[in-house]
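Structure record follows, encoded as C-alpha cells.
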C-alpha cells in the first residue's frame with residue numbers, strides 16, 4: 466500500500482463517520498465513563514469521548530505506535546502522511562534510476 470492508499474482510506478472513513486457515531490459500551494467502559502462524567506462534569510458525555518479520542522491519538526503518535534501501524538499497513542509514517550510525500554520523495558532518492566548490479570563495474 467502507499468501514501469495515496471492511506472489518504473483514500475482516511476477519506477472513506479471520515480465520510481462514513483458523518484456527524485454522529487453510535488458506540489456500544491461494555492460494563493467496564495460504562496462504569497469508567499460514569500466515573501469520569503461525575504468527576505469531570507462535562508457539559509455532555511460526548512465531550513469525554515472526544516477527549517478520549519484526542520488522548521489516544523496523541524499517545525499513539527508520541528509512542529510511535531501510530532507510525533508502526535502505518536508503516537506495517539501502508540509503508541508510510543505519520544510525518545510522511547502530513548507532508549504528503551514519502552521520505553524518498555523528500556530526499557530525492559526516488560528520482561535516480563536503479564542500479565544494475567551486473568553492469569555496475571563495467572566500463
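Numbering (the numbering used here), first residue to last: 466 to 572.
Where a beta carbon is used, it is the ideal one built from N, C-alpha and C, also for glycine.
All figures in this text were calculated on a predicted structure; none of them were measured in a lab.
- Note on geometry: alpha-carbon atoms of residue 486 and residue 555 lie some 37 Å from one another.
- Taking one beta carbon from each stretch, the region 466-481 and the region 537-545 have 3 or more pairs nearer than 8 Å; the two touch.
- Leaving aside the five residues that flank residue 545 on each side, the residues in its chain whose CB is nearer than 7 Å to its CB run, in chain order, 468, 551, 552.
- Annotation for residue 542: no alpha helix (DSSP H) segment contains it, and DSSP assigns it neither H nor E.
- Only residues of its own chain outside the window of five on either side were considered, and among them 555 have a CB closer than 8 Å to the CB of residue 548, listed in chain order.
- A straight-line Cα-Cα distance of about 30 Å links residue 481 and residue 500.
- Bounds of the alpha helix (DSSP H) holding residue 478 are 468-482.
- Residue 498 places its beta carbon less than 8 Å from that of residue 513.
- Cα atoms of residue 515 and residue 525: separation of roughly 15 Å, rounded to the nearest angstrom.
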